[in-house]
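Novice: I'd like to ask you about the structure that follows.
In this note's numbering, the protein residues as written are 610 to 695.
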């Protein structure tokens, strides 16, 4: 993953696409959410960690996330990880 967008969290929302600000909670279930920043430290996003670590991940309190590291460079927006893992 060479290119990413860093989306700051403001009042519990991130600017997912130029036309849509979404609640940060959605990022925890999005295929494009690669990592999240909590207290200045990058950790795997809940969706990616769940998918790539045999469904074993430490919980992330999405209310404490400061920034989303997003690999959606095409502007698709939210796509649920449930479509991939089901």
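For glycine and all other residues, C-beta sits at the position ideal for the given N, C-alpha and C. This structure is a prediction, so every number in the text was calculated from the model and none was measured.
Check each candidate in 631, 612 and 626 and name the one with the smallest Cα separation from residue 620.
Specialist: Within the chain shown, residue 620 is the residue found at index 11, counting from 1. Of the listed residues, the one whose Cα sits closest to residue 620 is 631.
Novice: Can you look up residue 558 in the DSSP assignment and give me helix, strand or coil?
Specialist: Nothing in the structure corresponds to residue 558, since the chain is present only between 610 and 695.
Novice: With a 10 Å radius around its C-beta and 16 neighbouring C-beta atoms as the bar for buried, classify residue 682 as buried or exposed.
Specialist: In the chain shown, counting from the first residue as 1, residue 682 sits at position 73. Under this definition residue 682 is an exposed residue.
Novice: Which residues mark the beginning and the end of the beta strand (DSSP E) in which residue 620 is found?
Specialist: On the chain shown, position 11 is the one that residue 620 refers to. Run containing residue 620: none; DSSP gives neither H nor E here.
Novice: Between residue 639 and residue 688, which are expected to be in contact by the criterion C-beta below 8 Å, what is the C-beta distance as a whole number of angstroms?
Specialist: The residue given as residue 639 occupies position 30 in the chain shown. The residue given as residue 688 occupies position 79 in the chain shown. Indeed, because the Cβ distance is near 6 Å, the residues count as touching under 8 Å.
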